[in-house]
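J.: Quick one: the structure is below, questions incoming.
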Amino acid sequence: MLKHLFIFAALLLTASGFAQKSSMKFGKIDEKDLIMKSFESDTSAGGLILGDIGSIAISYKTTIGFEVDYTRHVRVKIFNANGFDLATFKIPYYEIGSTRERITKIKVTSYNLENGKIAETSLKKSDMYVEELSSKEKSLNFSVPNVKAGTVFEVEYQLSSEFFWNMRDWDFQYTVPSRFSELTISLPEYFIYKKLMSGYLQPTINKTESFSHSLSIRNNDNSMQNIPYRGTVQKLRFENVPAFKREPYMNAISNYLSSIEFELGAINFPYSKKDFSTSWEKISKELWLDNDFGTQLKRNCPIKELAEVLTAVPDEKQRMVMAHELVRTHMACNNTNGIYVTSTLRKAWNEKTGKAADINLLLISLLNEVGIEAEPVLLSTRDNGLLHPAQIMLSKFNYVIAEARIGNETFLLDATDKHLPYTLLPERCLNGRGRRISMIAERNDWVDLNQAKPNERVLFAQTKVNTGGNIEGDFNLMETVYYAYDRNEKIRKQTNHDDYITSYEAEIQGLIIDDYTIENMDNLQEPLYIKYKGKINISDETPKEMIYFNPLLGYGTASNPFTLEQREFPVDFISPFTTKVINMIEIPEGYELAEVPANAAISLPDDLGIYRYVIAINGNQIQVNSTLMMKTSQITSTHYPHLREFYSMIVAKNAEMLVLKKI
Amino acid sequence: MRIKLIAIFLLWWVNFYFMPLSAQEFSVADIPEMLTIEANSVIRDSRVIYSLNNKQASVNWYTATTIMNPKALHLAHLKIFYNTNDKLKINKATIYDARGRKIRSIKRSEMEDYSMAGNATLYSEQRVIFSQVAPASYPFTVEYDYEITYPVLYGIRYFSPYQDTYQSVQKSTFTVVNAHNIPINVSIINLPPNVEMQKTDEGTYWNFINLPLLTEEPFSPDFSEIIPEIRVAPELIVYKKYEGKADTWENYGRFLAQLSSEDKGLSSETVQRLRQMTTTFPTTREKVKVLYEYLQSRTHYINISFGVGGIQPNPVARVDALGYGDCKDLSSYMIAMLKAVDIDAIYAVVKAGKNEHFFIPDLPNHQFNHAIVCVPNPNDTIWLECTSQVMPFDYLGSFTDNRYALLVKNEASRLVKTPEYGKDDNYIHSNFTLLNHSDGAIAKGSITYGGLRMENVVSLPILTRTEQLSWLNSTLEIADFTIISHHFRTGEAEANIFLDLELGLKSYFSGTSNRLFVPLNLNNKVAVPARLRSRKYPLHLPYAFHTTDTLNIQIPAGYTPVDLPQALTEDERFGTYSMQTIQNENTISCIRSFEFKKGRHAPEAYQAFYEFMQKISLADARPLVLLKEE
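Chains as they are written, first to last, in my numbering: chain A, 15 to 677; chain B, 6 to 635.
Right, here's the structure in full:
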């Protein structure tokens, strides 16, 4: 398209005002880098990025038209075998139809100190491989030769592409530390990209300059026309970047890694304009016009007959629940994300399978058909990373759910999971806020996705201790929300319920379960129950003078999940939760209580969470109640030491013993 | 053409005699009920025809599988593994609903063709044709029919009627068509009694009917010892320009040796350098060690399978130049380096993998997937794993221990066994002292890992501090701890790993007003096996080990122990556990020892094994009780 427009055009080059020489020259290796044994700021690093210089430039080429050129020159130091992975490169590139990306000017050289001299080894073309990843995607694979502890190597290449809509990201942070990583982005005014920076680090250089070039085009009457245009060059540089380290209880890495992503906003040529996205209003309008989105909802609902049956249900909420159940049980999800339908809603319904978008748009269509207001809400799943509210980028969304409105109440609905009730969204959707896409302009707004009730787990036990110190009784485990859902999925994965109970027994030391029932597996609007008669063996059966046992029987939180002393990123529990263990204990005849743990209440600052341990004694009956309540799903890294200490105290309290003495 | 006709004839013949389910009859109701109980999938009808030709072979796979529930969904997807040199023909890919009615056919345009190269692979000719199936409801049936022609006559064709666990088999046949009477070696393993074998002029076939559910149980023998399998291998080899015989191990070894016969060896410069490096070391063992460590320091594993890449090593000079290669490349390179200093080493091929001990000694063919190096040395044979930067010298680990290996020598190839790690080799020893401080206890001491028990920690000395901490944080079995310091080091005297550790244990001494309860097992708790409600397979305990743990506890001032826990649990089948506590002034030492035997026992022994481990677990859980002095 662009190519045709400019087929007679020629480029007049003017010198760019931003042509700064790079600080790294291929082949000019500092001997100090070869001698270096480890990196002083991170002595355990397996390697070090000595420098990584990239550029992304859209420029005009007479024979081709506009093209994106990516160049990269990276220099790496290897300290030990841990860093060897850095020496293997797999550069993916695309070939779609006759349009293909090209990798050129590739140079690969390693440097080693041998007897005080620098020995160079370059990789031969014959040692590079092209791998066909799929029909559209290939990969140029190679591994730098002669890499060992101490090696410095360099790789340089250029990749040219016409796929403007698929601009490659650049990471400023690596699994090893780096001295610097810089990227120069040079864009003519015709190309508008949204840029999304992520990560916690700040660049040391971030400056933008403008330049002017001109093009000459041949008009229809063969006269030449000079078209001057302007552009911008942005330079971003990060220095002394620490290695990126993953921490437990963390969501998508992309939220934290320092990087830049691009989304094509518009291509504005003097003769042809295509605006891709600029404002939420525009995005919404375009989505409603999109064949694979709004058009599907404007068409007649593909299940009119079933809808008519539903319309007869007088209660609106019940009607909504039934519509949700109808779609949920009829449709199977193929676990593909995305916001657009596969082909049409009718086809999806007939084939009974589809992507999440097919299923949830079908649900919206059905709800509207039965007289319930419903609109799509776009979101980014947890794997896909958090949305940045300031960035208006449609490509950041990868999922769509339904929002239904009945009176003043709203319901967020997803029908992709056969076992998930209408009250819950899949956990992958609980990721900050989603964006409502409405035909009514003022209703286009953010929607808080995490509206679920807190997770709850209660273990209620009525037990007897015998003279050997062993415990027997009735146990009742109740779980709600995602706790119930997760356990339900675990049970379903087992061959039969017995097998599940076998694995459940293993969670509590000494537990043996005789009879059990599992309730509400098919109705998770209600809590999930596992009720059982159990025996907990602590010792042999010979009568004891003293009996020691933990009144929580091992059901309380027994170890601190936060072993790291510090952390950089927030702890993400996904949802708030409450876990409770209540045990009513009957002590054997002929024994008396010698010692009991003290009552306790521990709380986190800012009322983020609380833990209570209460013991009550009534004759030969003892009741212990241990409750942990986390009132928030996210704990910031500044509160992390408190959280760790909180858990440490809970673990200590939960480990305390009760002592019985023979009278 | 003739082969094809025979195949078609055979198909018809088999059809006629066994009346297989026709496409309209994939109704789930037609599966015998006993085959559906607890089954995730049922093979309805499977026909595999292996046809041998003079220079190539082909296999036709026809399989109809009923997927009973989502647990077997992975079996529903179309997956055809092939090599770029193979010829592939897809005849049918159709999906049926529970009543056996056709839902749809998978079109060629819905099938994606992917490379199989993983992360450590630079290039591979292995590819897969893939199409994902998303069922609307369960059960449903997939029917696939495809044919692959291999341009070589090499290797073993494996056939098993089962494709997965929790699967039963309604009907399955395997046919070998050998029109040219190529000599073949047929090995038959674990065949159930109701299997018919028929020989006709056209070929040989086996027919399996109504095979029961294949279940899984913990501590079972490897599946190779349980599931029925037929292995067929041509005794003639035609592999690109190479030809050979696989009728004896000598001949098969000769063929493998031939693949490297054109290798020109290392450059004279490299040879000189290697000689200089080793001259100062007097013994063979020391010389081998120096060169092995040199190999580890300057090469790493990268897989490039290209051309005869599946079995032929790259020239050693090329490996020398690049500094990387796969197991064949690096093993050949190691041998070439040893040859440069006049040490004879032998290329050895094995079937690597943690539980891959099963081997058929009288099937002289490609029962291998890995290459290692054997250095014969009087009374001290040395084995080298050449793909790892961290494995200690002369250490194989569970990847290649205790199994058959073929020593490849031009004229005298033979099978040998790799070394087995016994009770004395496999150990964990720990020794910690627990000191009291105002803000909790501090544990200080070290752990030593040896033999197969070292495997989980073998790479830790070279990992980054962050990775080490993350490993420790997720592996230590202590309720609440802070790592004050840690240090991993490798043993000097023998191949083992040391971990020096100092831990802050804030709440280790938990208690009430009058008593403190101190766990006596710091970090070596036994895992109790699942309490099974029934047991079908023999109990298999794969290797022996022993552990000793000493914990010296400083008694906090003002407390005395109520008693000194002791325990002894013995079972001549499984081993011996003992735990003793001794008081010495204000220190209590807990000495724990556990010897675990390897063995194979009848299924009934499982319950006794569970009880044995349960007893130990309870003994481990018993705390030391300290009483406040009045």
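Virtual Cβ for every residue (Gly too), placed ideally from N, Cα, C. None of the values given here were measured: they were computed from a predicted structure.
Buried or exposed: which applies to K46(A), given that a residue is buried once 16 or more other Cβ atoms fall within 10 Å of its Cβ?
T.: Exposed.
J.: Using a Cβ cut-off of 9 angstroms, pull out every chain A residue sitting near E117(B), in sequence order please.
T.: Here the neighbours are S148, S149.
J.: For M407(A), tell me which candidate among E295(A), E322(A), R457(A) has the shortest Cα-Cα distance.
T.: Of E295(A), E322(A), R457(A), the residue nearest in Cα terms is E295(A).
J.: Restricting to runs no shorter than 3 residues, where is the beta strand (DSSP E) found entirely within the region 499 to 584 of chain A?
T.: Those beta strand (DSSP E) runs which fall completely within the region 499 to 584 of chain A and span 3+ residues are 525 to 533, 542 to 550, 560 to 563.
J.: Applying a beta-carbon distance threshold of less than 9 angstroms, which residues of chain B neighbour A520(A)?
T.: Within 9 angstroms Cβ-Cβ: A532, V533, P534, A535, R536.
J.: Can you check the region 75 to 113 of chain B for any alpha helix (DSSP H) of at least 4 residues that lies completely inside it and give the ranges in chain order?
T.: With a minimum length of 4 residues, the continuous alpha helix (DSSP H) runs that stay inside the region 75 to 113 of chain B are 78 to 81.
J.: Taking the Cβ atom as the reference point for each residue, do T565(B) and E634(B) lie within a distance shorter than 8 angstroms?
T.: Result yes, Cβ atoms of T565(B) and E634(B) sit closer than 8 angstroms.
J.: DSSP on R449(A), reduced to helix/strand/coil?
T.: Residue state, collapsed to three classes: strand.
J.: What are the boundary residues of the beta strand (DSSP E) that I378(A) is part of?
T.: No beta strand (DSSP E) holds I378(A); the alpha helix (DSSP H) holding it covers 370 to 383.
J.: Is the Cβ-Cβ distance between Q172(B) and S46(B) less than 8 angstroms?
T.: Yes, these two residues count as a Cβ contact at 8 angstroms.
J.: Could you work out which residues of chain B lie near Y530(A), taking near to mean beta carbons separated by less than 7 angstroms?
T.: The contacting residues do not exist; Y530(A) stays about 12 angstroms from chain B at best.
J.: Determine, using beta carbons only, whether N668(A) and L566(A) come nearer to each other than 8 angstroms.
T.: The answer is yes: Cβ separation under 8 angstroms.
J.: Flag N519(B) as yes if its beta-carbon sits less than 8 angstroms from any beta-carbon of chain A, otherwise no.
T.: Closer than 8 angstroms: yes.
J.: Note the first and the last residue of the continuous alpha helix (DSSP H) segment covering S651(B).
T.: The displayed coordinates of chain B run from 6 to 635. Any statement about residue 651(B) would go beyond what the structure contains.
J.: Which word fits R333(A), buried or exposed, when buried means at least 16 other C-beta atoms lie within 10 angstroms of its C-beta?
T.: The residue in question, R333(A), is buried, as its Cβ has 16 or more Cβ neighbours within 10 Å.
J.: Spell out the partners DSSP gives D56(A) in its beta bridges.
T.: In DSSP, D56(A) forms a bridge with F53(A).
J.: Decide if the region 534 to 542 of chain B is in contact with the region 597 to 613 of chain B; the criterion is three or more beta carbon pairs, one per stretch, under 8 angstroms apart.
T.: Yes, the region 534 to 542 of chain B touches the region 597 to 613 of chain B.
J.: Using a beta-carbon distance cut-off of less than 8 angstroms, what residues from the region 380 to 401 of chain B approach chain A?
T.: Under the 8 angstroms Cβ criterion, the region 380 to 401 of chain B contributes Q394, V395.
J.: Would you decide whether K35(A) is buried or exposed? Buried here means 16 or more other CB atoms lie within 10 Å of its CB.
T.: Caution is warranted here: a pLDDT of 48 is assigned to K35(A), below 50, making its placement in the model unreliable, and the coordinate value is therefore given only provisionally. Answer is exposed; the Cβ neighbour count stays below 16.
J.: Would you say A71(A) touches the ligand SAH, meaning its beta carbon is less than 7 angstroms from a heavy atom?
T.: Summarising the ligand content, the structure contains no ligands, and the ligand SAH is consequently not present.
J.: Could you tell me if I3(A) is buried or exposed, where buried requires 16 or more neighbouring beta carbons within 10 angstroms of its beta carbon?
T.: Given a span of 15 to 677 for chain A in the structure shown, any question on residue 3(A) remains unanswerable.
J.: Can you confirm whether the region 255 to 268 of chain B touches the region 412 to 432 of chain B when touching is taken to mean that 3 or more C-beta pairs between the two stretches lie within less than 8 angstroms?
T.: Yes, the region 412 to 432 of chain B touches the region 255 to 268 of chain B.
J.: Going by beta-carbon coordinates alone, are I340(B) and Y329(B) separated by less than 8 angstroms?
T.: Their beta carbons are not under 8 angstroms apart, which means I340(B) does not touch Y329(B) by this criterion.
J.: Just checking: is the beta-carbon of K35(A) within a distance shorter than 8 angstroms of some beta-carbon in chain B?
T.: Unreliable placement is indicated for K35(A), whose pLDDT of 48 sits below 50; the coordinate value is still reported in the next sentence. Chain B, which has no Cβ nearer than 8 angstroms to the Cβ of K35(A), makes this no.
J.: Where does N668(A) sit, in a helix, a strand or coil, going by DSSP?
T.: Looking at N668(A) - three-state DSSP - the assignment turns out to be helix.
J.: Compile a chain-ordered list of the residues in the region 494 to 525 of chain A whose CB is closer than 7 angstroms to at least one CB of chain B.
T.: Cβ contacts with chain B come from K507, T509, N510, D512, T516, S517, E519, A520, Q523, G524.
J.: Which residues of the region 28 to 60 of chain B have a Cβ closer than 7 angstroms to any Cβ of chain A? Give them in chain order.
T.: Result list: E43.
J.: To the nearest angstrom, how far is the alpha carbon of A81(B) from that of K541(B)?
T.: So the two alpha carbons sit approximately 28 angstroms from each other.
J.: Residues of chain B with CB closer than 9 angstroms to the CB of G60(A), please, in chain order.
T.: The contacting residues are I467, L468, T469.
J.: For S120(B), which residues from the same chain have a beta carbon less than 7 angstroms from its beta carbon, with the 5 sequence-adjacent residues on both sides left out?
T.: Cβ neighbours of S120(B) beyond the five flanking positions: S129, R132.
J.: Since Y413(A) and L427(A) should fall inside the 8 angstroms C-beta cutoff, what is the C-beta to C-beta distance between them, to a whole number of angstroms?
T.: The Cβ separation is near 13 angstroms, so there is no contact.
J.: Identify every residue that forms a DSSP beta bridge with Y119(B).
T.: Y119(B) pairs with V133(B).
J.: Could you tell me the alpha carbon to alpha carbon distance between S124(A) and T283(B), rounded to whole angstroms?
T.: When rounded, the distance between both Cα atoms is 26 angstroms.
J.: Show which residues of chain B have a CB atom less than 9 angstroms away from the CB atom of I631(A).
T.: Simply none; closest approach about 14 angstroms.
J.: Anything in chain B within Cβ reach of D141(A), meaning under 8 angstroms, just list it in chain order.
T.: The contacting residues are L327.
J.: Please state the DSSP three-state secondary structure of E416(B).
T.: E416(B): coil per DSSP, three-state reduction.
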